[in-house]
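See structure below.
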Amino acid sequence: MNDTPTSRLEALWGAAGLARLQAATVMIVGAGGVGSNCIEALARGAIGTIVAVDGDEVAASNTNRQAVAWTDTVGMRKVDAVRTLVKRINPSTRVITRDAFLLPGDVACLIASCRAEAGGRIDYIVDAIDTVSTKLELAACAQELGIPIVSSMGGAMKLYPERLRFADIYDTQGDALARVIRKSCRKRGIRRLDVLYSPETPLDPPQSADAPGNAKTIDNEGQCAKSGRPPLGTTSYLPPIMGQMLAGFVMRRIVGIDAGGDSR
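Position in the sequence shown (first residue = 1) + 1 = the working numbering.
Rendered as structure tokens:
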């Protein structure tokens with residue numbers, strides 16, 4: 002076999018599996034610690050079209066965990082950094098971007114717009130954002146449109162990636178964000194939602210003399226749930242591992258392999 006960028010992939014997935022990946026469109030909402038590392042793995046995995054949605058710019062504090070964060074990308078729009086990252090890895094991958102903070106009322110139009118630009122199809126959505134209301138709207142719209150979706154749960158103030166696991170939202174336990182999402186899914190009639198979560202109890206933030214009281218996180222990578230609180234801590238390794246796991250989950254299902262979970 003010739004030494005090409007896809008030779009090791011073809012040796013794993015086979016020619017037919019590789020062709021499915023190259024023909025697929027994956028939409029990633031959120032290009033932070035989880036989302037950007039998911040995007041990197043998808044690009045290395047020969048996904049044909051990547052749709053990236055994020056309305057932020059790269060900050061200095063992002064360099065501890067985000068695949069798009071380098072000293073020379075600080076201040077760059079994240080979607081522009083995503084485009085640069087993907088093109089450096091896999092120039093044949095098509096990159097579609099939306100530089101926007103996604104609000105619940107914009108979800109349906111955004112999916113429709115991105116799907117149209119991608120040629121009429123989105124094969125998978127990866128939810129890697131923090132806002133509960135938007136996560137729920139993404140799940141509801143994906144269900145209505147019949148688009149498979151997988152959602153990232155809480156990773157801030159956690160240390161042990163070996164405790165991460167995939168499950169339907171209704172089978173989760175011990176994750177604060179998953180608990181909130183689970184209750185709201187019941188109310189909204191969302192029948193199923195695949196999630197990556199950890200039952201690990203998050204650490205309490207360290208206190209300083211002028212710091213407010215402890216606040217538990219219910220987000221996925223460090224934006225504090227209570228307004229006015231400082232961002233919560235994240236490791237250099239756990240959000241990237243979550244992103245890699247999400248990419249693996251999506252690629253296995255696109256190829257048609259059920260590896261340790263329920264397939265769509």
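All residues carry an ideal CB built from backbone N, CA and C; glycine is no exception.
- Across the set GLY46, ASP57, MET28 and PRO231, the C-alpha of MET28 shows the shortest separation from the C-alpha of CYS115.
- Cβ neighbours of GLU138 within its own chain (closer than 7 Å, five residues either side excluded): PRO105 and VAL108.
- Under the three-state reduction of DSSP, THR50 is assigned to strand.
- Taking every protein chain shown into account, the CB of ILE126 has 16 or more other CB atoms within 10 angstroms, so this residue is buried.
- Leaving aside the five residues that flank ARG95 on each side, the residues in its chain whose CB is nearer than 6 Å to its CB run, in chain order, THR50.
- In the structure shown, the three-state DSSP call for ALA129 is coil.
- Listed as beta-bridge partners of SER152 by DSSP are ASP128 and VAL196.
- Around the CB of ASN3, fewer than 16 other CB atoms lie within 10 Å, so the residue is classed as exposed.
- If you compare the alpha carbons of ARG78, ILE40 and ASP73 with that of GLU58, the shortest gap goes to ARG78.
- Ranked by how close their Cα comes to the Cα of LEU233, the residues GLU118, GLU163 and LYS159 have LYS159 in first place.
- The beta-carbon separation of ALA143 and ILE150, rounded to 4 Å, stays under the 8 Å limit for a contact.
- If only complete runs of 4 or more residues are kept, the region 22-94 shows the alpha helix (DSSP H) at 34-45 and 79-90, in order along the chain.
- If you look at ARG166, you'll find it in the beta strand (DSSP E) that goes 166-169.
- The region 91-119 is shown to contain whole alpha helix (DSSP H) runs of 4 or more residues at 108-118, in chain order.
- Looking only at GLY257, ILE112, ILE258 and GLY249, the smallest Cα-Cα distance to ARG45 is reached by GLY249.
- In the structure shown, ASP172 falls within a helical segment according to DSSP collapsed to helix, strand and coil.
- ILE130 and VAL87 do not touch by the CB rule: their CB atoms are close to 19 Å apart, not below 8 Å.
- Per DSSP, reduced to three states, the secondary structure at ARG253 is helical.
- Straight-line spacing of the CA atoms in VAL52 and GLU201 works out to 31 Å.
- Shown here for SER185: same chain residues with a beta carbon closer than 6 Å to its own, the five before and five after excluded, namely LEU137 in chain order.
- The alpha carbon of THR235 has as its nearest neighbour, out of GLY15, GLY155, VAL69 and GLN208, the alpha carbon of GLY155.
- Spanning the alpha carbons of ASP128 and VAL30 requires a straight line of approximately 5 Å.
- Judged by DSSP secondary structure, LYS159 falls outside any alpha helix (DSSP H); it is assigned neither H nor E.
- Judged by their CB atoms, ILE90 and ALA119 are not nearer to each other than the 8 Å cut-off.
- Around the C-beta of ILE258, fewer than 16 other C-beta atoms lie within 10 Å, and the residue is accordingly described as exposed.
- Distance from the CA atom of GLY18 to the CA atom of ARG122, rounded to whole angstroms, is 18 Å.
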